[in-house]
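Quick note: the sequence shown uses my numbering, first residue 1, plus one each step.
For every residue, glycine included, the Cβ atom is placed at its ideal position computed from N, Cα and C.
Predicted, not measured: the structure shown is a model, and the values here were computed from it.
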Amino acid sequence: MGLTHNVEVKYPAIFRDEGTYWDVRFPDVPAAQTFGASVQVAADNAANALAVALFEQDPPQASNPQFWRLASTEFVVWITMANVEFGPGSETPKPMN
Numbered sequence: 001m002g003l004t005h006n007v008e009v010k011y012p013a014i015f016r017d018e019g020t021y022w023d024v025r026f027p028d029v030p031a032a033q034t035f036g037a038s039v040q041v042a043a044d045n046a047a048n049a050l051a052v053a054l055f056e057q058d059p060p061q062a063s064n065p066q067f068w069r070l071a072s073t074e075f076v077v078w079i080t081m082a083n084v085e086f087g088p089g090s091e092t093p094k095p096m097n
């Protein structure tokens with residue numbers, strides 16, 4: 001079925017400090033992996049990666065990261081997309097100039 005209009009999508013992401021960049025992965029959505037030079041850039045990229053990975057598919061159930069074992073260089077951030085406006089039946093976004 002895919003995502004529909006005006007829904008909120010929220011998944012926990014694991015951010016890992018790789019020294020010169022931040023790696024981001026979503027255990028519930030393995031196709032959504034990205035990185036960024038800072039935590040903020042990585043978080044912005046994570047929302048985009050999540051949107052692309054979930055395009056035209058049913059979103060999986062989000063895990064509870066409370067029991068995840070993380071390395072000392074990792075932490076969890078909930079990435080939220082509100083008012084999602086893509087998926088089957090929606091128009092393709094126009095490129096920005």
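- In the displayed model, D23 falls within a strand according to three-state DSSP.
- No Cβ-Cβ contact shorter than 7 Å links F15 with V9.
- One alpha carbon belongs to A62, the other to A53, and they sit about 14 Å apart.
- L70 counts as exposed, since fewer than 16 other C-beta atoms from the protein chains shown sit within 10 angstroms of its C-beta.
- Within the same chain, R16, D17 come within 6 Å of T73 by CB-CB distance, once the 5 residues on both sides are set aside.
- Taking Y21 as the centre and dropping the five residues before and after it, the same chain places the C-beta of F35, G36, A37 closer than 7 Å to its C-beta, in chain order.
- In the three-state reduction of the DSSP assignment, V29 falls in the coil class, being assigned neither a helical nor a strand state.
- Residue state for D58 is assigned as coil, using DSSP reduced to three classes.
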